[in-house]
Structure formats: C-alpha cells, structure tokens
DNA sequence: GTCTATACCACGATAGAC
DNA sequence: GTCTATCGTGGTATAGAC
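Chains as they are written, first to last, in the working numbering: chain A, 556 to 762; chain B, 556 to 762.
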C-alpha cells in the first residue's frame with residue numbers, strides 16, 4: 556500500500572515558490588549559514604536584492620521553509636490517519652497502522668521537495684528567533700506521534716523514548732538514504748520491523 | 556555495568572587543547588559556519604590571530620576536531636570489545652555484548668567533551684576538503700559495527716539497514732538527550748531493548 | 001517584480017613586533 | 001605564543017529607477 560505524495564495548499568506566487576525551492580535545496584545541502592543569498596539568487600536566475608521583494612530577511616526565508624516542511628509532514632500524517640480509520644485492534648492491524656505512518660513520514664522526507672529534509676537538518680542550529688517561532692509547530696507534530704504510539708501499545712509501556720528514537724532514526728536517514736537508489740517502501744518496512752517488536756515486546760509477525 | 560570515560564592520548568599543548576575544546580563546543584552549538592574564529596578566540600581569552608599559531612586555517616581546526624571525535628568513538632568501541640571478550644554464545648550473552656557497545660557509543664557522545672557530538676552534527680555540511688579527509692576514518696568505524704552486528708545475528712539476516720538505523724538513532728539523540736538530566740544507562744538500555752528484538756526477531760529477554 | 005548601485009560590516013587570513 | 005594592525009573578500013541589507 557503506497558501512499559501518494561501529499562499536496563500542501565499554497566498561495567505563493569511562482570517567483571516566491573521558486574526562491575523557496577532553491578533556498579531549501581541549498582540550506583539542506585550546505586547548511587543555513589553557508590548558503591548565501593547571492594548563491595540562491597544566482598541559482599534562481601535573479602539578483603540577490605530581488606529576494607527582498609518576497610522575504611524581509613534571510614531569517615524570514617528560513618522560517619518560511621521550516622514552516623512548509625512541517626506542513627508537509629503534518630499533511631502526510633493526516634493522510635496516513637485517513638487510510639487507517641476503522642482499523643481493527645489485532646496486533647497485525649496495529650502494526651499496519653504504524654507502518655502507514657512510518658511510510659508517510661518518510662515520504663514527507665523524500666517525496667515532496669527539500670522542505671522537510673531541510674527542516675530536519677537546519678532546525679537545531681537555526682537562529683534563536685526562528686527556532687522559537689517554529690517550536691510550537693514541531694511540538695504539535697510530535698504530540699500526534701505520542702498519541703499514535705500510546706494508542707498502539709499497552710497502557711503501561713512508556714512510549715516517550717521510543718518515539719524519540721523512532722523519529723530520530725527516521726530523520727537521521729537523510730544522512731545516508733538516497734531515494735533515487737533505494738526503495739522508500741523497503742526503507743519503511745525496515746524501520747517498521749525494527750521498531751515494532753521493540754515497541755510491543757512481541758515478535759514481529761512479518762516473515 | 557558502567558564503562559568509564561575513555562582517554563584519548565594527546566600531545567596537544569594546553570593552549571591548543573583549550574582552543575579545540577572551545578571550538579568544538581561552539582561548532583556543536585551553532586554550526587561550523589556560524590561559529591566565527593573571533594568568537595572562539597574571545598571565549599578562549601585570546602585574539603583571533605593567535606589561533607593561526609596552532610592551526611593553519613579554520614578548516615584545519617575543524618578537521619582536528621572531527622578526527623578527535625572519531626578517536627574518542629573508536630577508543631570507546633575498543634574498550635567495549637575488551638570487556639566482552641570471551642563472552643558466551645547464548646542470546647543473553649549476545650544481547651549484553653550489544654548493550655556494552657551501545658553504552659560505549661553513547662558515552663563517547665556525552666562523556667568525553669563535545670568532540671564526538673560535534674563530529675556527528677557538523678560532518679554532513681563540512682567543507683568538501685575536510686569531509687574527504689575524514690571519510691576513511693568514519694568508514695573504518697562503521698566497519699567495526701558491521702562486523703559486530705554480523706557476529707551477533709544469524710548469517711542470513713541483513714544487518715546493513717539495521718546498522719544505519721542504530722547508529723543514526725543513537726546519533727540523533729544529541730538533538731534531545733540532555734546528559735545532565737537523563738541517565739546515560741537508561742538511554743543505553745532503551746536503545747538496546749529497542750533494537751535487540753528488531754535485529755534478531757526474538758522477543759527481548761529483559762523484563 | 002526585478003534591476004543597478006552601494007552601504008556597511010564581519011569574516012578568514014597575513015605581517016611583523018614583542 | 002600572543003599581540004596589534006590591517007588587507008581583501010563576500011556577506012546581508014537598503015535605495016531608488018524601470
């Protein structure tokens with residue numbers, strides 16, 4: 556069951572959208588500080604000064620990218636929820652619910668532009684103003700995962716550390732996973748298998 | 556069984572050592588590009604120009620830090636091997652071998668200065684010259700993990716993706732784990748439990 | 001919405017005295 | 001081993017024409 560890429564609604568002008576795209580790519584590749592506005596503008600095919608027609612500052616540009624990355628993740632999570640509503644309560648049913656959400660998070664990382672991946676790699680060292688503005692949005696997304704994991708496991712299993720390891724492990728895959736060479740479905744399956752038994756304490760039902 | 560912090564032998568002068576310490580902290584906290592030599596020098600209590608008596612360039616300084624970070628990891632892995640030589644072949648014995656190495660890697664991240672953590676967070680976006688110089692050292696460390704995991708699991712279990720998830724998951728903990736608030740032993744136990752059953756397909760023997 | 005021109009500053013790095 | 005002084009470059013950002 557392969558979910559399709561999500562569509563995040565946007566009212567961006569074509570010019571603004573193009574800047575966001577290029578900037579996210581470069582922030583992901585080189586980091587926020589190393590990627591200069593001149594270089595971004597160059598790759599877009601405009602002058603650096605023109606960026607200020609669309610964004611008030613470089614920090615403002617970064618914030619827009621981080622927000623968009625979170626929007627993609629959130630949209631993917633919602634889509635995964637939709638495909639698993641009314642799922643049963645058997646261990647196999649629970650496992651496929653987890654699998655669907657894992658697949659959705661990874662798809663957000665690799666199938667909807669560089670926004671989500673750029674978010675993951677640049678957030679920690681982003682300027683404090685930007686980080687503070689984004690923290691609430693991140694917290695809301697993490698809370699959805701907390702609810703999901705609590706729902707999937709017995710009431711007495713502490714899901715806090717497991718959630719952090721799961722999200723951290725998936726996000727860390729941006730360091731080595733190449734979506735043009737590896738299969739996203741395979742990666743999702745590996746992640747799910749790796750975490751399912753550790754989470755529930757039961758052997759994995761899948762061969 | 557708590558392993559003690561490792562000692563990486565060094566011939567550094569006190570002045571050089573102090574610069575390395577401060578620079579690693581700032582690279583970790585703000586990223587390589589964002590941390591300026593002036594700021595580093597300021598925190599050390601010297602002038603920026605004085606750094607060039609000890610390092611030929613900012614890139615040279617980064618490379619020394621990344622190398623030191625790898626040395627700490629490697630030393631920790633070796634120490635873990637030493638404590639588990641002659642271990643048995645039972646599932647419980649294998650599990651504690653994994654646990655010892657997990658504990659060692661996490662200790663390297665949190666108990667021996669900011670070098671290992673700085674390595675983990677700055678490597679991906681480091682200047683190409685620096686990255687290329689460090690890649691062989693990283694590969695050697697990852698190969699040690701590959702050998703270990705192959706040794707711990709059945710011959711037909713593919714350990715490649717599991718190794719990447721395990722190391723990625725542990726390294727990603729620098730984003731949320733605070734060693735002054737949480738227990739390193741607890742974290743190591745969580746990581747081990749989370750991965751052991753997923754790796755072997757057998758239920759975790761620990762309550 | 002993009003341009004040219006430019007201000008202003010902080011950066012990495014070098015020279016040479018002590 | 002550290003200092004002062006300084007160079008050249010490239011960074012973000014602004015002003016104002018088109």
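Ideal Cβ positions, reconstructed from N, Cα and C, are used throughout, including at glycine. From a predicted model like this one, the values you see are computed outputs, not experimental measurements.
What is the residue span of the alpha helix (DSSP H) that residue i lies within?
| i | result |
| --- | --- |
| residue 715(A) | 715-727 |
| residue 632(A) | 613-638 |
| residue 700(A) | 683-707 |
| residue 660(B) | 646-665 |
| residue 562(B) | Note, residue 562(B): premise wrong, no alpha helix (DSSP H); not H, not E. |
| residue 578(B) | 569-585 |
| residue 595(B) | 592-599 |
| residue 752(A) | 739-755 |
| residue 609(A) | Premise fails: residue 609(A) is in no alpha helix (DSSP H) and is neither H nor E. |
| residue 675(B) | 670-677 |
Applying the criterion that 16 or more other CB atoms from any shown protein chain within 10 Å of the CB defines a buried residue, is residue i buried or exposed?
| i | result |
| --- | --- |
| residue 683(B) | exposed |
| residue 644(B) | exposed |
| residue 762(A) | Below a pLDDT of 50, predicted positions are generally treated as unreliable, and residue 762(A), at 44, falls in that range; no measurement from the model is reported. |
| residue 564(B) | exposed |
| residue 690(B) | exposed |
| residue 600(A) | exposed |
| residue 651(B) | buried |
| residue 673(A) | buried |
| residue 639(A) | buried |
| residue 659(A) | buried |
| residue 647(A) | exposed |
| residue 698(B) | exposed |
| residue 642(A) | exposed |
Sort the options by Cα distance to residue i and report the nearest one.
| i | options | result |
| --- | --- | --- |
| residue 750(B) | 600(B), 592(B), 649(B) | 649(B) |
| residue 707(A) | 688(A), 686(A), 742(A), 655(A) | 655(A) |
| residue 754(A) | 660(A), 715(A), 625(A) | 715(A) |
| residue 637(B) | 734(B), 726(B), 653(B) | 653(B) |
| residue 603(B) | 578(B), 627(B), 620(B) | 578(B) |
| residue 629(A) | 693(A), 616(A), 568(A) | 693(A) |
| residue 700(A) | 672(A), 678(A), 657(A), 727(A) | 657(A) |
| residue 663(B) | 640(B), 696(B), 642(B) | 696(B) |
| residue 737(B) | 661(B), 718(B), 702(B) | 661(B) |
| residue 555(B) | 605(B), 705(B), 748(B) | There is no way to answer for residue 555(B), as the model of chain B reaches only from 556 to 762. |
| residue 635(A) | 735(A), 601(A), 703(A) | 703(A) |
| residue 573(B) | 590(B), 561(B), 609(B) | 609(B) |
| residue 727(A) | 741(A), 740(A), 616(A), 746(A) | 746(A) |
| residue 625(B) | 646(B), 678(B), 612(B), 607(B) | 678(B) |
| residue 607(B) | 633(B), 575(B), 584(B) | 575(B) |
Just to confirm, is the Cβ distance from residue i to residue j under 9 angstroms?
| i | j | result |
| --- | --- | --- |
| residue 623(A) | residue 670(A) | yes |
| residue 744(B) | residue 723(A) | no |
| residue 685(A) | residue 621(A) | yes |
| residue 588(B) | residue 586(A) | yes |
| residue 680(B) | residue 566(A) | no |
| residue 667(A) | residue 709(A) | no |
| residue 618(B) | residue 688(B) | yes |
| residue 712(A) | residue 627(A) | no |
| residue 569(A) | residue 665(A) | no |
| residue 752(B) | residue 580(A) | no |
| residue 742(A) | residue 732(B) | no |
Is any heavy atom of the ligand SAH found at a distance shorter than 8 angstroms from the C-beta of residue i?
| i | result |
| --- | --- |
| residue 731(B) | Ligands are entirely absent from the displayed structure, and the ligand SAH is therefore not among its contents. |
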